[in-house]
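For the sequence shown, this note's numbering begins at 427 and goes up steadily by one.
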Amino acid sequence: MKDFIAQCFWFTMEVREPIEWYPFKGPSIRGALFGALRRHYCFAPDEPEPAHSAVCPVCWLLSREDPSWERGRTPPRPYTIEPPLETKTRYEPGETFSFGITLFGQATNLFPYLVLAVLEMGRMGIGRRGEENKRRGGFSLSLIEEVNPLTGQRRKLLAGGERMVQAPESPVEHKRVKALAKELAEKLATRRSPLLMRFLTPTRIGERRVEENRWLVNRPLFAPFFRRLLERLEALSTLYGEGPPNWDKDALLALAEGVRLVEDRTRWVDIKSFSRRLGRPTPVGGFLGEAVYEAEDWRPLLPWLIWGTVTHVGKDAVKGNGWYRISELGSQRGSDDGESARQR
C-alpha cells in the first residue's frame with residue numbers, strides 16, 4: 427500500500443423539495459450517482475461490454491467488468507459511499523444533509539465527474555418517489571469539502587454560489603496510516619486496553635466453506651472480517667494503485683486467528699436494495715453496532731484495520747456498507763477523529 431492513496435469528499439446539500447428516504451440511505455445515493463453519471467456522462471450507457479468500460483471513465487468507475495478477475499467478473503469498484511447516519515427519513519425544504527464519497531488510487535482523477543454528477547443528482551431528485559407527485563425530492567449543492575478521516579483535516583473545495591472548484595490536495599497515504607497505527611498500538615499496549623470497533627453501517631461478511639458454498643457471518647468474528655479486509659485491500663491496491671501490498675499475508679491471517687471477540691454489542695439488520703445489474707432486489711443487510719476485541723499484539727494488524735476504516739470492508743461498499751471505526755476502548759480518539767470530522 428506504499429503508493430496507494432484515497433481521497434475523501436464530503437458533500438452538503440440543501441433540500442429544495444421534500445425528500446423521503448429509505449431507512450438506510452446508502453443504496454439511494456449510489457443509485458442516484460449511478461443514474462446521473464451513466465445518463466449524462468457515458469457515451470454508450472447501454473453498452474455492457476468490458477471493452478467499453480475499459481475506455482469509458484464513468485463505466486470504469488461504476489461498473490467495471492473483468493472476465494479474468496480471479497473472484498468473478500466484477501472486481502471491487504474504486505469508490506465507496508459514506509451515507510448520512512441520521513435515522514430520520516424525511517427532510518423538508520431548507521433542511522440539509524451530507525454524505526461522503528471516497529475515491530481510490532487512479533480513480534482520484536475522476537473527482538470532476540463527481541462534482542458534475544452530484545449537481546445532476548440534485549436536479550433528478552433522490553430517495554423514494556412522493557405519493558402525490560411521484561417525484562423524488564430535489565436538492566442544491568451547498569458545500570464540497572475534502573476530508574482526511576485520519577487527521578480530521580477539512581478543506582473547502584466549493585461553497586454555494588461559487589463557480590471555481592479547488593483541487594484536492596490532502597489524500598490519505600500509507601505513511602500517515604502507519605504513524606496512526608503506531609500511536610494506537612502504543613496506547614493499547616501501555617494501558618492494556620481492548621480495541622473497540624464500531625460498525626456504522628451494515629457490514630456483510632461472507633465466508634467460504636470447504637464445499638465452496640457462500641455463507642454469511644452474522645457476528646463480528648475477527649478472523650473472517652480480517653480475511654475479507656485483506657482481500658479488499660489487496661484488490662484495490664493491485665487494480666487501482668501501484669501493485670499488491672508488501673505484506674506477509676499468511677502471517678497476518680495467522681495472527682488474526684488469535685484475536686478474541688470479548689464483547690459483542692452488534693445486531694443484524696435485514697435490508698434489500700434494487701440491483702440494476704440483476705434486475706431484482708438483493709439483500710444488503712449486515713451487522714451494526716459495537717464489538718470489543720483483545721489481542722496479544724496489535725501492531726502488525728492495525729495498519730490494515732486503519733486502512734479499512736477508509737476503504738470499508740465486505741460486500742456492497744459502494745452502497746455504503748462496511749463502514750467502521752476503531753479506537754481504544756473508552757476513548758473517542760484514534761481513527762474515530764475522522765468520523766467526527768466528517769459529521770461536523
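C-beta atoms are modelled at their ideal positions from N, C-alpha and C, and glycine is treated no differently.
Every value quoted in this text rests on a predicted model; they were computed, and no experiment measured them.
For Thr534, name the three-state secondary structure that DSSP assigns.
-> helix
What do you reckon, are the CB atoms on Ser596 and Glu572 nearer than 7 Å?
-> yes
So Gly452 is in the beta strand (DSSP E); what residue range does that whole segment cover?
-> Unbroken run through Gly452 is the alpha helix (DSSP H), 452 to 467; no beta strand (DSSP E).
Same chain, Cβ closer than 6 Å to Glu657, five either side skipped, listed in chain order | none
So, is Phe435 buried or exposed, given that buried needs 16 or more other C-beta atoms within 10 angstroms?
-> buried
Would DSSP call Phe713 helix, strand or coil?
-> strand
Element boundaries [beta strand (DSSP E), containing Ser566] = 565 to 573
How many angstroms separate the CA atom of Ala605 from the CA atom of Glu668?
-> 21 Å
Please confirm whether Pro510 and Lys451 have their CB atoms less than 7 Å apart.
-> yes
Which residue comes first and which comes last in the alpha helix (DSSP H) that contains Glu657?
-> 648 to 666
Taking C-alpha atoms, which residue in Glu599, Lys514, Leu536 lies nearest to Met427?
-> Glu599
Residues in its own chain within less than 7 Å of Ser454 by CB, not counting five upstream and five downstream?
-> Trp447, Tyr448, Ile552, Gly553
Reducing DSSP to helix, strand and coil, say where Glu722 ends up.
-> coil
Please confirm if Tyr505 has its CB atom under 7 Å from at least one CB of chain D.
-> Absent here is chain D; the protein component of the structure consists of one chain.
To the nearest angstrom, how far is it from the Cα of Val591 to the Cα of Thr737?
-> 25 Å
Can you tell me which of Glu633, Leu488, Phe523 puts its alpha carbon nearest to the alpha carbon of Leu569?
-> Phe523
DSSP three-state assignment for Ala543, whether helix, strand or coil | helix
Hey, quick one: how far does the beta strand (DSSP E) through Ile431 stretch, first residue to last?
-> 431 to 441
Could you tell me if Ile431 is buried or exposed, where buried requires 16 or more neighbouring beta carbons within 10 angstroms of its beta carbon?
-> buried
Can you tell me whether Gly711 is buried or exposed, with buried defined as 16 or more other CB within 10 angstroms of its CB?
-> buried
Since Ile527 contacts Pro628 with CB under 8 Å, what's their CB separation in whole angstroms?
-> Contact flag wrong, Cβ pair sits at about 18 Å.
CA-to-CA distance, Gly746 to Arg562, given in whole angstroms | 20 Å
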